[in-house]
Amino acid sequence: MFSSLRWSVFFIGLLIFSFGITMTINVQYLGLSPWDVLNVAFFERVGLSIGSWNIIISIMLIIVSWVLDKSYIKIGTFFNAVLVGAFVDFYMWLDFLPVPSNTWVNVVLMIIGIVIMGFGGGMYNAAKVGSGPRDGFMLSISDKLGAPIGRVRIIAESLVLVIGLFLGGPVFVFTFIFTFIQSPIFQYFYLKISRRIDLVEQHRLNKKLPSNSAS
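Spelled out as structure tokens, the structure:
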């Protein structure tokens, strides 16, 4: 069973990550992340909500990952598949973000959103209760090839971007900032928070163990 610490980090990470997505979607004319380009493209072509497409694509990726490599698929993976889309739709329903305008403020909001997504993504993956459908796929490739997580993410997201662009998704200059900057942010916080959780759990374990007394 996973500890309450890991579940707390996981759910907080999902909330943060989803908020970052919502911030960027609010100023999508500047360009979105590759996966969100795909979600918005399906939303504009087919209907439903952006969050719904996030859920649909996540479930499809879980099925593919289950066939290829089950190691990163845990109960948290299924929570992720549903909750990220649900949180994004909820944040958008609240409608509390500034109305987009062609000003430098939107550029600042976009940059903040990118950083928040990188931080939140690294955070919920660090909990290791189950990687996200997209992240689990990329992390498993990273493990198999022995390649850096950031490099694998850049390659995979570039391929997704081409598909989203073909479908007419919102691609602009910040799409490429997402692809080449968010990945290192994700990797940094994933490794840093993972180590911190391990240290806290080890400290808790040591406190529970009976102290060794000299015989």
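Residues in the sequence shown are numbered consecutively from 0, following numbering that gives the first Met the number 0.
In this text, a Cβ means the ideal position worked out from N, Cα and C, and glycines have one as well.
No experiment lies behind these values; they were computed from the predicted model shown.
So what's residue i in DSSP terms, helix, strand or just coil?
i: Leu208; result: coil
i: Phe78; result: helix
i: Lys191; result: helix
Taking the alpha-carbon positions, what's the residue i to residue j distance?
i: Glu156; j: Lys207; result: 44 Å
i: Gly112; j: Ile20; result: 7 Å
i: Asn124; j: Ser130; result: 5 Å
i: Pro97; j: Gly119; result: 21 Å
i: Ile154; j: Asn101; result: 31 Å
i: Ile55; j: Ser193; result: 28 Å
i: Leu144; j: Val66; result: 18 Å
i: Leu198; j: Asp134; result: 23 Å
i: Met22; j: Phe179; result: 19 Å
i: Gln201; j: Val172; result: 44 Å
i: Arg203; j: Met137; result: 31 Å
Please classify residue i as buried or exposed, where buried requires at least 16 other C-beta atoms within 10 Å of its C-beta.
i: Tyr28; result: exposed
i: Ala146; result: exposed
i: Asp94; result: exposed
i: Phe59; result: The sequence given here has Met at residue 59, not Phe. Answer is exposed; the Cβ neighbour count stays below 16.
i: Gly75; result: buried
Return the Cβ separation of residue i and residue j in integer angstroms, given the expectation that the two are a contact with Cβ distance under 8 Å.
i: Met122; j: Val8; result: 6 Å
i: Phe13; j: Ile24; result: Checking the displayed sequence, the identity of residue 13 turns out to be Leu instead of Phe. Not a contact, Cβ separation roughly 16 Å.
i: Thr174; j: Leu190; result: At roughly 26 Å, the Cβ-Cβ gap does not stay under 8 Å, so Thr174 and Leu190 are not in contact.
i: Val26; j: Met109; result: 5 Å
i: Ser139; j: Ser64; result: 7 Å
i: Val87; j: Pro169; result: Not a contact, Cβ separation roughly 15 Å.
i: Phe185; j: Arg152; result: 7 Å
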